[in-house]
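In what follows, a single structure is set out as structure tokens and then discussed.
Numbering (the working numbering), first residue to last: 4 to 325.
Written out as structure tokens, the structure reads:
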């Protein structure tokens, strides 16, 4: 008997509620960041401070990135289509990965500019620089707390927080540089602190990109162990002799999915066995959507050259009950 599990349409789970509030938080942060970015850029030009210009550069990219993050949340709320049967949930992961690349480019540009400043130090107006940096810090703290209350399991939200955290550190570095310049007149502190902030941001950006890439490559979520899950099903579900051809992945870093073949003992009710496997996966392993193919005797894919391919792409929303 064929049975269809259609998970298209809007998700009414707690994650969906989180998504709508996260969307508002990201929009507020984008407006705050974009609004102050112009003032900080002008301040950097007038004072000759690379630290301020670096932070303004961060804020420019971050206001764009936050805008993209907002749009990703907007798209994620749309229902699935005939062409995009999983919907738009993975757009958030794509944006998180893109954000990581953007942060890398900005940080490398700051390091390049800082090297030039160290070779030929430029005068910096410490007083105005300090005033602009303090205002920037206050704006960034506001944006950070707006975002910090959101869903930190979301890669898109973490990417947005990472951008604002980079801005916050940049403002703190600019304040420290301004204080040193006012106290000692030593201007090389400006590019040196800019580089230190950039290196810290590069490290965190790499971590974000690695996690986003893992999701895009449909890797097994870090919290799950595919082989242990298969053995658990074999041990706990009556009538299941063996589990194979199992794939476990995440759609967006939070929603886990799986496909598998369940080899059943003769005489076992396939429908009951499949239902039991699905319930076990959901309750014990946090896998919300599973496609289970029951088998008796020989596997239908034996000898098929595509047996290790992506079964879930061919059977995205259908369970095959024999």
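Glycine included, C-beta positions come from ideal geometry on N, C-alpha and C.
Is the beta carbon of residue i sitting closer than 8 Å to the one on residue j?
{"i": "residue 181", "j": "residue 199", "result": "no"}
{"i": "residue 353", "j": "residue 73", "result": "With the chain running from 4 to 325 in the structure shown, residue 353 is simply not present."}
{"i": "residue 26", "j": "residue 255", "result": "no"}
{"i": "residue 261", "j": "residue 297", "result": "no"}
{"i": "residue 295", "j": "residue 277", "result": "yes"}
{"i": "residue 303", "j": "residue 280", "result": "no"}
{"i": "residue 179", "j": "residue 168", "result": "no"}
By DSSP, does residue i sit in helix, in strand, or in coil?
{"i": "residue 240", "result": "coil"}
{"i": "residue 188", "result": "coil"}
{"i": "residue 1", "result": "Nothing can be reported for residue 1: it is not among the residues displayed for the chain, which extend from 4 to 325."}
{"i": "residue 85", "result": "coil"}
{"i": "residue 266", "result": "strand"}
{"i": "residue 233", "result": "helix"}
{"i": "residue 303", "result": "coil"}
{"i": "residue 125", "result": "coil"}
{"i": "residue 313", "result": "Residue confidence is low: residue 313 scores 42 on pLDDT, short of 50, so the model does not pin down where it sits. No coordinate-derived value is stated."}
{"i": "residue 8", "result": "Here the model assigns residue 8 a pLDDT of 43, short of 50, so the residue's position is not dependable, and the following value carries that caveat. Residue 8 falls in the coil class under three-state DSSP."}
Taking the alpha helix (DSSP H) that residue i belongs to, which residues open and close that run?
{"i": "residue 225", "result": "Element bounds for residue 225: n/a, residue is neither H nor E."}
{"i": "residue 147", "result": "129-151"}
{"i": "residue 72", "result": "53-79"}
{"i": "residue 254", "result": "From DSSP, residue 254 is part of no alpha helix (DSSP H); its letter is neither H nor E."}
{"i": "residue 103", "result": "94-122"}
For residue i and chain C, any beta-carbon pair shorter than 8 Å?
{"i": "residue 137", "result": "Of the protein chains in this structure there is only one, and it is not chain C."}
Would you mind reading off the limits of the beta strand (DSSP E) that contains residue i?
{"i": "residue 297", "result": "290-298"}
Is it right to say residue i is buried, meaning 16 or more other beta carbons lie within 10 angstroms of its own, or is it exposed?
{"i": "residue 316", "result": "Note on residue 316: pLDDT 39, under 50, position unreliable in the model; no value is reported."}
{"i": "residue 46", "result": "buried"}
{"i": "residue 287", "result": "exposed"}
{"i": "residue 89", "result": "buried"}
{"i": "residue 130", "result": "exposed"}
{"i": "residue 290", "result": "buried"}
{"i": "residue 326", "result": "With the chain represented from 4 up to 325, any question about residue 326 goes unanswered, as that position is not in the structure."}
{"i": "residue 293", "result": "buried"}
{"i": "residue 76", "result": "buried"}
How many whole angstroms separate the CB atoms of residue i and residue j, which I take to be in contact at a CB cut-off of 8 Å?
{"i": "residue 148", "j": "residue 171", "result": "With 8 Å as the limit, residue 148 and residue 171 do not qualify as a contact, their Cβ atoms being about 10 Å apart."}
{"i": "residue 69", "j": "residue 29", "result": "6 Å"}
{"i": "residue 210", "j": "residue 58", "result": "The pair is not a contact, with the Cβ atoms about 21 Å apart (cut-off 8 Å)."}
{"i": "residue 116", "j": "residue 53", "result": "6 Å"}
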